[in-house]
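Some notes on the structure that comes next.
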Amino acid sequence: MSRRPPAAGRRPLGAVVACAIAIGVIAAQDRPARIISLIPAVTEMLFAIGAGERVVAVSSFDDYPPQVRQLERVGALLDPDLERILALKPDLVVVYASQSDLQRQLGRAGVPTYIYKHAGLAGVVTTLRDLGARTGHQEGAARAIQEIERGMEDVRRRVAGRPKPRTMLVFGREALAIRGVYASGGVGFLHEMLVAAGGENLFADVPREAIQATSELILARAPDVILELRAGEIPQSQLQDEIDTWRRLASLPAVRSNRIYFITDPRTVVPGPRVAQGTELIARALHPEAFR
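Read in order, the letters of the sequence shown correspond to residues 191 to 482 in this note's numbering.
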C-alpha cells in the first residue's frame, strides 16, 4: 500500500524536529557570552536569572550582588568609558535609553545593545522576561518573576484594610536643608511601591516620576508621613540631625506626630529583582503593626 504524501503546506515530523533543533542551535549561538551592564538594576536581574557568569563589566555604581565588586568598572550614565568597553570585546552592552551617543558609537562598532528605561513595576517583569529570552535563561527569569509576585502579594495582604497615610516619598535632598527636595510623583516604580505598601502618595496627582517640592508646596500639601529613601548608610548622629531638619516645618502633621522615617537600604531605590523586599521595608515603616 502506498504511503500518502504529507498534506500541502505541512512538513513531515522529522523535518519539523530537525528545523526546531537547528533554530535552537542558532539561538544558542546568538546568546551573548560577554555582557557589560551600565545599569545596577539590570545587573541584579542578570545575576538573579542565572546569567551572572556572563557579565564581564559593570557601572561605577554597581555593588550588588557581591560578585560584581570584582568586575571591571566602565563608567556610568554620564561618563561611560567607550574605549574600555570596546577593549573588553562585549557581545551585549546594557545601556540607558538616554545614552544616545553611546548607542550610536556601539552601533558603529558592531556591538549589540539592550536599551533600558526606568518604568513601573511591570517594567521590572518585562525586563526580566526580555533578559531571560536574550540569554537563554527563561526559567530563571520565570522564577525571579514569581518571587517578586509572591512578595508583593504578601505585602498587599498584610496592609489591606489599614488606613493609608498621606506620604511624601523623598529620594533626594540637600544635606541638612529643605532644599533640592525630590519626591515621587504619581507614576513610576517608587509610586507603585508606596501604594502597594499601604501608603497614599502625596503627589499621586502629578503625572511624573519625580517632582521638585519646595517648602511652600510641602506645607500646602501637609503630609502625614515623610519617608526618605537613601541608598547608603547614614551615621546615627547625622541621622538625628537630618530628622531634626524637617522639624523646621513645625506645622506639618508628619512633624507633629513624629512620623519622619529614613530607610537606608538600596532595595527601596533599585527597580530590580528585590523590589518586593524594598516594598516590604516601606510597608514596615508605614504599618509596623502589620508585621508583628
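Think of the CB as a built atom: it goes at the ideal place given N, C-alpha and C, for glycine as much as any other residue.
To the nearest angstrom, how far is the alpha carbon of residue i from that of residue j?
i	j	result
Arg340	Gln467	11 Å
Leu476	Gln295	46 Å
Pro478	Gly240	34 Å
Glu470	Arg298	44 Å
Ala266	Ser427	31 Å
Ile216	Ala323	The predicted position of Ile216 is uncertain, since its pLDDT is 36 and thus under 50; a value taken from the coordinates is nonetheless stated next. When rounded, the distance between both Cα atoms is 14 Å.
Gly326	Ala332	12 Å
Val459	Ala421	7 Å
Asp291	Ala309	22 Å
Arg348	Asp220	44 Å
Pro230	Glu243	16 Å
Arg398	Ala412	20 Å
Gln336	Thr317	14 Å
Gly362	Ala400	10 Å
Ser441	Ala247	49 Å
Arg274	Gln289	16 Å
Pro222	Asp395	42 Å
Val360	Ala386	17 Å
Phe303	Ala277	The displayed chain sequence assigns Thr, not Phe, to residue 303. Spanning the two alpha carbons is a distance of roughly 16 Å.
Ile453	Leu429	11 Å
Gln328	Ala334	10 Å
Ala350	Leu407	30 Å
Arg319	Ile338	13 Å
Arg437	Ser447	11 Å
Gln293	Arg346	39 Å
Asp344	Arg482	14 Å
Closer than 7 Å by C-beta to residue i: which residues in its own chain qualify, once you throw out the five before and the five after it? Chain order, please.
i	result
Ile213	Note that Ile213 has pLDDT 34, beneath the 50 cutoff, so the model's placement of it is unreliable and the number below is only indicative. Same-chain partners within the cutoff: there are none.
Ser405	Ile368, Leu439
Asp253	Arg259
Met342	Ala386, Ala466, Thr469
Figure out for me which residue from the options has the closest Cα to the Cα of residue i.
i	options	result
Ala373	Ala410, Leu417, Gly388	Leu417
Ser250	Leu228, Arg363, Gly330, Pro256	Leu228
Ala365	Pro280, Asp253, Thr435	Thr435
Val232	Gly313, Gly300, Ser288	Gly313
Pro456	Arg221, Ala440, Leu419	Leu419
Arg474	Tyr286, Arg437, Arg352, Glu399	Arg352
Arg464	Phe452, Leu311, Thr303, Gln328	Leu311
Gly330	Ser447, Met342, Asp269, Val315	Val315
Do residue i and residue j have their C-beta atoms within less than 8 Å of each other?
i	j	result
Ile450	Ile433	yes
His381	Gly388	no
Pro355	Val415	yes
Leu261	Leu321	no
Leu392	Ile472	no
Pro256	Phe379	no
Val371	Gln402	yes
Val283	Val301	yes
Between residue i and residue j, how many whole angstroms is the CB-CB distance? I'm expecting something under 8 Å.
i	j	result
Val264	Ile226	6 Å
Asp271	Arg224	16 Å between Cβ atoms; not a contact.
Residues in the same chain with beta-carbon distance under 6 Å from residue i, minus the five sequence neighbours each way, listed in chain order, please.
i	result
Glu390	Lys354, Arg356
Met358	Ala373, Leu392, Pro413, Ile416
Ala480	Arg348, Val349
Excluding the 5 residues preceding and the 5 following residue i in the sequence, name in chain order all residues of the same chain whose CB lies nearer than 8 Å to its CB.
i	result
Asp431	Leu366
Lys279	Arg224
Val245	Ile225, Ile226, Ser227, Thr233, Leu236, Phe237, Val258, Leu261
Leu409	Leu439, Ser441, Leu442
Tyr286	Leu228, Ile229, Leu267, Ile305, Tyr306, Lys307
Asp269	Ser250
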